[in-house]
Structures are given as C-alpha cells and as structure tokens.
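In the numbering used here, the protein residues as written are 688 to 1054.
Since the structure comes first, as structure tokens, the remarks are kept for the end.
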Amino acid sequence: MKLPFQNLHKQYLSIKEDIDIAIEETISNSSFVRGKAVDKFEESFSKLIGVKNTISCGNGTDALYIAMKQLGVSSGDEVIVPAHSWISTSETVTQAGGVPIFCDIDNETFTIDVNKIEEKITKNTVGIIPVHLFGQSANMSSIMKIADKYNLWVLEDCAQAILAKHKNKMIGTFGDAATFSFYPGKNLGAMGDAGAIITNNDSLASSMASYARHGGLMKGSHEIEGINSRMDGIQASILNVKLQHIEKWTIRRREVADVLLKKLDGLHGLKLPSTDEHNEHVWHLFVIETNTRDDLRKYLDEKGISTVINYPVALPFLEAYRRFNHLPSDFPIAHKKQSRILSLPLFPEIEDYEIEYLIDTLKNYFT
Ligand SMILES: *Cc1c(COP(=O)(O)O)cnc(C)c1O
C-alpha cells in the first residue's frame, strides 16, 4: 500500500468541474493579473476571517515583507521571531532591513515561548512575529500583553493555520496585521503561488496595497517606490472555489487528528502532538516526536508511507544564520526538536482505511 503525504490531485478531482469552469472563465475574460476574481477573493476572504481588509499578493513570503515594510522596520531594528519556523518568517525581517532575533519555542505547542520573549527585548526591538505553527495558535493573549507593554507591533504569520482560533477568536485578528500563504500544500492552496495580508487598520491596508503595487494604487501616480506583488486571476478563481470547502476540509482534518490521537495514545517512545486548552487546532501538520526519528522514517517509507520533516534544522542553526554564532544551548527546545520531529500524512481526502493502515504500522513499530 502507498500512502502519500498529501494528495492534491485527489482534492482537484473532488471539485474538478468548478475549478475547470473558473479557470476557463478567467482565460475568456483575459483577467490574468488582479481583476474581478481577485476582488471577489479579497472580499470573501475578509468575510471568512471577519476582518476589514484583505490585500492579496504574490505569495506568503511577499506578504510578510510588504506588511513589515509598512509596519516599520529601519536599519538595525530588531524583530522577535520563533526559533522554529519556515525561513520566510526570518528572512523577510532581513529583507526589510531589520535583524531577526530568535526566541525559543514552547515544548508542547511548538509556538514561540511567551516566557522567553521579554528577555529578548532591547531598545532596538520594534515588533514580534508569532507563527501559528502546524495549525495551532501561538499564545496570542500573552503576546499582545507584552507588545502593549513595550509598544511593539505584532504581525501574525498565519501561513499554516487558516481558521485556527485562540480563546474563541480567529487568528490573524489579534495583531496589527497578519499574513497568509496559499502555496498549493497549505490548508487553503492555490495551483501556484499566492498570498495575502489582512488588517483592520484602513490606513495600514492602503499603504500595504500601494507598496505591493509599485507604490501607487492609481496608474501613473507613485507616492513611493514599491514592489510588484500581485495575485493572478487564475489563482484567485481557484481559491474562490476552494474557499467554499475550507470549513468542511478543516473539520475533516480535525476528525482525522482525533482518530490518530485516540488510537496512538500510550505507545511507548512516541510523543503525540498536544493542543493548548485555549486553542482550536486546524492540523496543517500532525507532528510526532520520537528518539528514533530517522529509523522510524525509514520503516514507514518501507511500508509505503510518506513523511516529511518540518523542519530538519531550526532557524538559528541554519547556514544562512551562521553570522549570529548561535549555540544549541541558546535555543534548547528548538534544538532538541529538530532531530525528534516527524510529520505524518494528514489531509482531508485521506480514506479511513488509509488512517487505519497508518495506525497499525505505527503500532507495529512501537510495540
Ligand atoms: C509557507 C509559509 C510561509 C511562506 O509562504 P510562501 O507562500 O511559500 O511564500 C511563511 N511562513 C510559514 C510559517 C509558512 O509555512
């Protein structure tokens, strides 16, 4: 039996008719960059999250960069980011002219450890980027308290956690702005690159939109120099179809996670992912931990089960950040995790018999 890590083709087949019509329509209209489908997406996305403004853009990395340029980062400014994330979170700080300051993560949730943020704050700190990693919210109530106390902006990286909640409030609505990625493998994925920024602050929204469109919202008027980061019409038309399914897909992800958590409970040597009591998880990734990660991965591979490591090296220890000379003891949790974590297949289209096979195979390994 072969169990892929995810199955985007199966998802396409389940909504093929609507997707094909949407793409054809966009081609017929020749609205290839921005256009009606993009306007519709921005409107629907704002409604889905419950926020005033959505600014679509080229991808989730651009979204972080654009947002940060408008929130304010000048040369030498420090931005606090979690030590465990995808590199977009930290590389965009550097791109924007700032310095990424890593903060260790919480042992249970993999999100930034709120007890270690204050010791990272200096007179140069301007903002915090919490990442809602694997589909679970960071501790936003504590983060907002710290940000208020030190007058810092907060930019939420929601790339992995669309529709996740903290204390019954949608993620992306806590900070000054938040970013999303619609990379194909994300919970809401396009068929190419796409991203968005959301904010309730109207003037921030218009400056972000302007910056993403060459520094001017009207043709020929450029108040500033900007960049070119736009959503394609075809991607927007695909996302408009998928938006109608995202809530149902999220429910299925939770259902699959619940089965895995229940049936794998108590296996010796296996640490299952945990959800903070204040959070509603959307299970972008189901990440287990074990001392024998590489051996387990090989075993699963031999049994036809694909897995992924998100991520094999924590941010401070990447070659890209060698200039900081960080030591494992600076970020003990992030360092410990990198050799123990393994992401199992979890996607809305997974069949019940595939889940059973995954469970049986893991039980065989751990007993
Ligand atoms: C995917 C991802 C991004 C970047 O999104 P792209 O659309 O690939 O540029 C940023 N942050 C996190 C945490 C992500 O998982």
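Where is the CB? At the ideal position from N, CA and C, for every residue including glycine.
- Look at Met857 here: in three-state DSSP terms it is strand.
- Lys950 places its beta carbon less than 8 Å from that of Ile1046.
- Shown here, Glu1036 sits in coil according to DSSP, grouped into three states, outside any helix or strand.
- Of the candidates Val841, Glu1043, Phe1034, Glu942, Val841 places its Cα closest to the Cα of Gln757.
- Annotation for Glu778: no beta strand (DSSP E) segment contains it, though the alpha helix (DSSP H) segment containing it runs 775-782.
- Assignment of Pro691 by DSSP, reduced to helix, strand and coil, places it in the coil class.
- One alpha carbon belongs to Gly872, the other to Ile1028, and they sit about 19 Å apart.
- For a cut-off of 8 Å, the C-beta gap from Ile933 to Asn874 is around 7 Å, short enough to register as a contact.
- Burial state of Pro787 is buried, judged by a 10 Å Cβ sphere holding 16 or more other Cβ atoms.
- In the displayed model, Ser1030 falls within a strand according to three-state DSSP.
- Ligand 1 never approaches Gly822 closely enough for any of its heavy atoms to be under 7 Å from the residue's Cβ.
- DSSP places Gly879 in the coil class of the three-state scheme, outside both helix and strand.
- Here the stretch 856-870 makes no contact with the stretch 782-799; the two share fewer than three CB pairs at distances below 8 Å.
- For Val928, no beta strand (DSSP E) run applies; the uninterrupted alpha helix (DSSP H) run containing it begins and ends at 920-930, by DSSP.
- Taking non-hydrogen atoms of ligand 1 into account, the C-beta of Val766 is found less than 7 Å away from none of them.
- Under the 10 Å beta carbon count, Ile911 is surrounded by fewer than 16 other beta carbons and is classified as exposed.
- For Phe732 against Ala883, the beta-carbon gap comes to about 6 Å, under 8 Å, which counts as contact.
- In the DSSP assignment, Phe973 falls within the beta strand (DSSP E) that extends over 973-976.
- Taken in chain order, the unbroken stretches of beta strand (DSSP E) that lie wholly in the stretch 822-854 and span 3 residues or more are 840-844.
- Given a length threshold of 4 residues, each whole run of the alpha helix (DSSP H) inside the stretch 727-795 is given here in chain order: 747-758, 775-782.
- Gly991 and Met827 have their C-alpha atoms spaced approximately 39 Å apart.
- Fewer than three beta-carbon pairs drawn from the stretch 921-939 and the stretch 890-898 are found closer than 8 Å, and the two stretches are therefore not classed as touching.
- Here the alpha carbons of Ala709 and Asp1017 stand approximately 50 Å from one another.
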